[in-house]
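Please read the structure below before turning to the comments.
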Amino acid sequence: MSAPEVFPPPPEVSAAAHIPSFKKYQEMYERSVQEPNAFWGEIANSFYWRVPPSQPLLRYNFDITKGKIFVEWMKGGVTNICYNVLDRNVQEKNLGDKVAFYWEGNEPEDATSITYAELLKKVCQFANVLRDQGVKKGDRISIYMPMVIELVVAMLACARIGAIHSIVFAGFSAESLCERILDSHCSVLITADGFFRGDKLINLKVIADEALKKCAEKNYPLKKCIVLKHLGRDDVFCDGTSNASPPCKRPCPNMQENKQEKQKRSHPQTPWNPSVDLWWHDLMKNASLECEPEWCDAEDQLFILYTSGSTGKPKGVVHTVGGYMIFTATTFKYVFDYHQGDIYWCTADIGWITGHSYLTYGPLANGATSVLFEGLPIYPDISRMWQIIDKYSVSKFYTAPTAIRLLMKFGEEPVKRYSRKSLKILGTVGEPINPEAWLWYYNVVGDQRCPIVDTFWQTETGGHVLTPLPGATAAKPGSATFPFFGVVPAILDEAGEELEGEAEGYLVFKQPWPALMRTVYGNHERFETTYFKKFPGYYVTGDGCKRDKDGYYWITGRIDDMLNVSGHLLSTAEVESALVEHSSVAEAAAVSHPHPVKGECLYCFVTLRDGHEFNKTLIDQLKKLVREKIGPIATPDYIQNAPGLPKTRSGKIMRRVLRKIAKDDHDLGDISTLADTTVIQQLFSDRCKTVL
Ligand code: WT7
Numbered sequence: 101m102s103a104p105e106v107f108p109p110p111p112e113v114s115a116a117a118h119i120p121s122f123k124k125y126q127e128m129y130e131r132s133v134q135e136p137n138a139f140w141g142e143i144a145n146s147f148y149w150r151v152p153p154s155q156p157l158l159r160y161n162f163d164i165t166k167g168k169i170f171v172e173w174m175k176g177g178v179t180n181i182c183y184n185v186l187d188r189n190v191q192e193k194n195l196g197d198k199v200a201f202y203w204e205g206n207e208p209e210d211a212t213s214i215t216y217a218e219l220l221k222k223v224c225q226f227a228n229v230l231r232d233q234g235v236k237k238g239d240r241i242s243i244y245m246p247m248v249i250e251l252v253v254a255m256l257a258c259a260r261i262g263a264i265h266s267i268v269f270a271g272f273s274a275e276s277l278c279e280r281i282l283d284s285h286c287s288v289l290i291t292a293d294g295f296f297r298g299d300k301l302i303n304l305k306v307i308a309d310e311a312l313k314k315c316a317e318k319n320y321p322l323k324k325c326i327v328l329k330h331l332g333r334d335d336v337f338c339d340g341t342s343n344a345s346p347p348c349k350r351p352c353p354n355m356q357e358n359k360q361e362k363q364k365r366s367h368p369q370t371p372w373n374p375s376v377d378l379w380w381h382d383l384m385k386n387a388s389l390e391c392e393p394e395w396c397d398a399e400d401q402l403f404i405l406y407t408s409g410s411t412g413k414p415k416g417v418v419h420t421v422g423g424y425m426i427f428t429a430t431t432f433k434y435v436f437d438y439h440q441g442d443i444y445w446c447t448a449d450i451g452w453i454t455g456h457s458y459l460t461y462g463p464l465a466n467g468a469t470s471v472l473f474e475g476l477p478i479y480p481d482i483s484r485m486w487q488i489i490d491k492y493s494v495s496k497f498y499t500a501p502t503a504i505r506l507l508m509k510f511g512e513e514p515v516k517r518y519s520r521k522s523l524k525i526l527g528t529v530g531e532p533i534n535p536e537a538w539l540w541y542y543n544v545v546g547d548q549r550c551p552i553v554d555t556f557w558q559t560e561t562g563g564h565v566l567t568p569l570p571g572a573t574a575a576k577p578g579s580a581t582f583p584f585f586g587v588v589p590a591i592l593d594e595a596g597e598e599l600e601g602e603a604e605g606y607l608v609f610k611q612p613w614p615a616l617m618r619t620v621y622g623n624h625e626r627f628e629t630t631y632f633k634k635f636p637g638y639y640v641t642g643d644g645c646k647r648d649k650d651g652y653y654w655i656t657g658r659i660d661d662m663l664n665v666s667g668h669l670l671s672t673a674e675v676e677s678a679l680v681e682h683s684s685v686a687e688a689a690a691v692s693h694p695h696p697v698k699g700e701c702l703y704c705f706v707t708l709r710d711g712h713e714f715n716k717t718l719i720d721q722l723k724k725l726v727r728e729k730i731g732p733i734a735t736p737d738y739i740q741n742a743p744g745l746p747k748t749r750s751g752k753i754m755r756r757v758l759r760k761i762a763k764d765d766h767d768l769g770d771i772s773t774l775a776d777t778t779v780i781q782q783l784f785s786d787r788c789k790t791v792l
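For what it's worth, this note's numbering labels the leading residue of the sequence shown as 101, then goes sequentially.
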């Protein structure tokens, strides 16, 4: 590899930055890892505590050979995260009239905004609604909603009363939603009638109903489902009679749109089960605007967010109140170099961790103004993103490599149609960014003016762990550069030895930072085995990593049976278990395969039962099955008929070999453990050459 180009921070960015030099970063970093209690103690002091935490803030055990794994920050401290991100901004910081969110709908003419004071009122109202429905501290609430302000309202209302939210991305299937409701024993589901993704109508309530039916079949009948009228919002909020607070500022499509537009929006009746379903707006009507927060211990659970696990069953990643609060706030401030006056836009869905940490909690803790975008990057046209950037004068923009690669395909012209002159800092997250996409982002989107922060982190880490700081770190395209404050990375070899200097191996972390996950919901043992067993004393990320001669970290991708499709983790096991549910399929193996836009995609091998035929119909059925079981993101790009699969003598499928076959790479490496080599040639000659 030739030496990559280095991009030092522009002097004008450094001059105004919180961390203006690499030297300053190094000083703060040293202190953060040498004296974590003092470092985070000062940060914690800038939040509101009913009962301030006492020293030492941190107690933990990372070594499974010495006993139970645990991490505690500020235990005994009493606070409320919703109070910190809303009430304090309104009451102490005078930000009540400041816009918290500009909401930009799927259709460009659909837009509204909400201030901090208005958001606080709505959250209090909805928190009272939840209390009225019997929700108490510690109860789990499933939220399955599109990208609307009420999604933020619902999550903060949970946080306010100490209920644990479990948000399920609205692209997941009924089966996936059901599985998550059951795993966390949720008592209430909050959803919406539906939404548009581009010109596709998603009847969310229909899917939610299907999930509830499945739950009931599994002896878990959910008693309450709160439904937001989003598609039919105009009937409720724009008829002049509503007492919605704040009044809806959204232009009413009933009045403005031509017939064709109206038709596009017309939607079927929302299915209704009167003994379970409750309209959001009915419940809100009489709810009080004041709601005393539930005062929580710093180590009380804040939320559960499911992420794929290599066994196929998703893991409920648990984050707690205090550590998550101070870490997301601090990373947001330094990584995006946030200043009052910035307009920040993170394109992630709130259903993923990025939307939790960097669309909701992190920005709100800083009193920031964000754009909350419901739509798609290239709908209704390929300039939508750049148009939104100009519309709101976005200064900090955070998106995923897959989106950048998608937009790159259309060339520079759609970007250049808009000035983007407000942009100051660009960010990426979700997967390694290829240098070509990095350079396009830098040169074309940022006009060579804006530093790029390539932020490496995971659902489990809660916030950024490896990342440049825009005023301090010289970037190298494709490298997530250096650890954030409090984070101590190491690279291990297979034997668990720490490698020094230039090296490649397993990426691990040596000590906890405040937002590290605390447990897998309901299964602490799984937490211990997944992250702490392979190398005792370390948190194991599951990612491979290289360190270059200058100490920069480069993520090389997953080294477990996981793959990253468009920045979203999937496990090969969950896809395989969906495929084998088909009556024609005897065995299945799914592997990751390079994809020009998604980064990685699924290439599946299926062995059929005797007498079953491999044809187009079967392929379509299999794709549909995966979509229904997991969701559209998991739809395989390739399905190959495999008369047999390469296995070790003990019967373990050698996915490493299958990955090579999919790529037509005949350099198979060591295959001495392969039980039967005859199948290999057949698999190579039957390769799928084009996407199905
Ligand atoms: C996995 C975590 C963190 C929010 C989105 C994904 C990959 C994430 C980067 C990056 C290289 C990255 C890793 C990680 N990943 N960001 N900047 N460079 N790889 O959250 O679903 O928990 O996935 O995404 O493989 O382990 P997630």
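For glycine and all other residues, C-beta sits at the position ideal for the given N, C-alpha and C.
Please read all numbers here as calculations on a predicted model, not as lab measurements.
(request) Say whether the stretch 603-610 touches the stretch 146-156, bearing in mind that this needs 3 or more beta-carbon pairs closer than 8 Å, one atom from each stretch. (result) no
(request) Over the uninterrupted alpha helix (DSSP H) stretch that includes histidine 381, give me the two end residues. (result) 380-385
(request) Would you mind stating whether tryptophan 691 and alanine 590 have Cβ atoms separated by less than 8 Å? (result) Looking at the sequence provided, one finds valine at residue 691 rather than tryptophan. Against a cut-off of 8 Å, the Cβ pair of alanine 590 and valine 691 comes out as no contact.
(request) Return the CA-CA distance between serine 772 and lysine 496, expressed in angstroms with no decimal places. (result) 52 Å
(request) Can you grab the Cα-Cα spacing for the pair valine 329 / glutamate 317, in whole Å? (result) A small correction: the amino acid at residue 329 is lysine; valine does not occupy that position in the sequence shown. Answer to the nearest angstrom: the Cα atoms are 27 Å apart.
(message) Here's a check: name, in chain order, each residue in its chain whose Cβ is nearer than 8 Å to the Cβ of aspartate 197, leaving out the five neighbours to either side.
(response) Thr215, Tyr216 and Ala217
(message) Could you tell me the alpha carbon to alpha carbon distance between glycine 294 and methionine 662, rounded to whole angstroms?
(response) 31 Å
(request) Count the CB pairs spanning the stretch 729-737 and the stretch 697-711 that are closer than 8 Å, and state whether there are at least three. (result) yes
(request) Determine the closest residue to glycine 205 out of Phe296, Ile533, Lys175 and Val178, with distance taken between C-alpha atoms. (result) Phe296
(message) Let me make sure I understand the geometry here. Which of Tyr125, Ala144, Phe162 and Glu105 has the alpha-carbon closest to that of glutamine 611?
(response) Phe162
(request) Note down the Cα distance separating glycine 271 from isoleucine 730, rounded to an integer number of angstroms. (result) 9 Å
(request) Would you list, in sequence order, the uninterrupted beta strand (DSSP E) runs of no fewer than 3 residues that lie entirely inside the stretch 561-644? (result) 589-592 and 603-609
(request) Go through its chain and collect everything with a Cβ distance to glycine 475's Cβ below 6 Å, but skip five positions before and after it. (result) Asn206
(request) May I ask you to list the residues that DSSP assigns as paired with tryptophan 173? (result) Leu158
(message) As a quick exercise: from Asp481, Leu523, Cys645 and Gln191, pick the residue whose alpha carbon is nearest that of tyrosine 438.
(response) Leu523
(request) Determine the extent of the beta strand (DSSP E) in which lysine 415 is found, giving its start and end residues. (result) 415-420
(request) Verify the contact flag: asparagine 715, CB atom, against every heavy atom of the ligand MG, threshold strictly below 7 Å. (result) This structure lacks the ligand MG; the ligands present are the ligand WT7.
(request) Return the chain-ordered list of same chain residues with a C-beta closer than 7 Å to the C-beta of serine 483, the five sequence neighbours on each side being excluded. (result) Pro514, Arg517 and Tyr518
(request) Would you mind stating whether proline 743 and glutamine 782 have Cβ atoms separated by less than 8 Å? (result) yes
(request) Specify the secondary structure class of phenylalanine 427 as computed by DSSP and reduced to three states. (result) helix
(request) Go to proline 514, then tell me how far its alpha helix (DSSP H) extends in each direction, as first and last residue. (result) 513-516
(message) So, at 6 Å on beta carbons, what are the nonlocal neighbours of glutamate 130 in its own chain, with the 5 sequence-adjacent residues on each side left out?
(response) none
(message) Strictly by DSSP, which residues pair up with lysine 496?
(response) Tyr444 and Ile525
(request) In the DSSP assignment, find the alpha helix (DSSP H) that holds alanine 503 and state where it starts and stops. (result) 501-508
(request) Give a single yes or no on whether histidine 668 has its beta carbon closer than 7 Å to a heavy atom of the ligand WT7. (result) yes
(request) Count the other CB atoms, across all protein chains shown, that sit within 10 Å of the CB of glutamine 126; report buried if there are 16 or more and exposed otherwise. (result) exposed
(request) Assign leucine 328 to one of three DSSP states: helix, strand, or coil. (result) strand
(message) Considering just the uninterrupted stretch of the beta strand (DSSP E) at lysine 61, what are its terminal residues?
(response) With the chain covering only 101 through 792, there is no way to say anything about residue 61.
(request) Identify the continuous beta strand (DSSP E) that holds proline 120 and give its terminal residues. (result) That residue, proline 120, is in no beta strand (DSSP E); it is neither H nor E in DSSP.
(message) Tell me which residues share the same chain as phenylalanine 243 and place their Cβ nearer than 6 Å to its Cβ, disregarding the 5 neighbours each side in the sequence.
(response) Sequence check: residue 243 is isoleucine here, not phenylalanine. So the list reads Ala254, His265, Ile267 and Ile290, once near-sequence residues are dropped.
(request) Can you grab the Cα-Cα spacing for the pair arginine 647 / lysine 314, in whole Å? (result) 47 Å
(message) Given the structure, does histidine 134 come close to the ligand WT7, in the sense that its CB is under 7 Å from one of the ligand's heavy atoms?
(response) Checking the displayed sequence, the identity of residue 134 turns out to be glutamine instead of histidine. Glutamine 134 Cβ: outside cutoff for every heavy atom of the ligand WT7.
(message) Taking the alpha-carbon of histidine 285 as reference, which of Asp710, Gly622, Ser677 and Ala689 has the nearest alpha-carbon?
(response) Gly622
(message) According to DSSP, simplified to helix, strand and coil, what is arginine 727?
(response) helix
(request) Return the chain-ordered list of same chain residues with a C-beta closer than 8 Å to the C-beta of tryptophan 445, the five sequence neighbours on each side being excluded. (result) Ser470, Val471, Phe473, Ile488, Ile489, Tyr492, Val494, Lys496, Phe497 and Tyr498
(message) If you reduce the DSSP assignment to three classes, tell me which class phenylalanine 201 lands in.
(response) strand
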